[in-house]
Amino acid sequence: MPPGNTEHLMRVLRPVLVFIGERLTLAAALVAAALLVFLVLAHLVHGGETLRFDAAVFHFFQAHQSPAAHLLMAGISLLASGWAISAVSLACVAAFWMMPARRPDALALLLAAAGGQGVVYGLKALFHRARPDVAFAS
């Protein structure tokens, strides 16, 4: 490859590499902070230290139920389901992909959404924490 073409290639690639590097640095810092918080919470949950708090919150909401609040919370729970999050994520990826300047964001969102769903289902399988079925009774 002639020297002129290499210089042009580096001029084109440099902003892309800087852009990716900045985002990866920020992402790594956020992942490290989130991992620390998660490890502390996982230790507390695994040791049973949150059971009294969980029971107090559960009993408070059981004592203060209303049909409207129940319907609202059921809707929010539905929005947080894997299918809903996947659909919204894919719609956002498609919207970003339609804007050529946002294609790196589309790919990052796609990877983040897929990775996030994998982490959520992996952690659910790891912890086996039972849901309080009685809370969802009408």
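Position in the sequence shown (first residue = 1) + 399 = the working numbering.
Just so you know, even glycine gets a beta-carbon here, dropped at the ideal spot from N, CA and C.
Reduced DSSP secondary structure (H/G/I, E/B, other) of residue i
| i | result |
| --- | --- |
| Glu421 | helix |
| Ser576 | Outside the displayed span of the chain (400 to 537) sits residue 576, for which this structure offers no information. |
| His527 | coil |
| Thr405 | helix |
| Ala479 | coil |
| Gly521 | helix |
| Gly446 | coil |
| Met472 | helix |
Cβ-Cβ separation, residue j to residue i (assumed contact under 8 Å), whole Å
| i | j | result |
| --- | --- | --- |
| Leu508 | Phe495 | 6 Å |
| Ser465 | Gln516 | Their Cβ separation, rounded to whole angstroms, is 32 Å, which puts Ser465 and Gln516 out of contact at 8 Å. |
Own chain, CB closer than 7 Å to residue i, minus 5 neighbours either side, in chain order
| i | result |
| --- | --- |
| Leu477 | Ala483 |
| Ser488 | Leu508 and Ala512 |
| Leu443 | Thr449 |
Beta-carbon gap between residue i and residue j smaller than 7 Å
| i | j | result |
| --- | --- | --- |
| Val492 | Ala513 | no |
Cβ-based neighbour list, residue i, same chain, cut-off 8 Å, excluding 5 preceding and 5 following
| i | result |
| --- | --- |
| Arg502 | Phe495 and Trp496 |
| Val518 | none |
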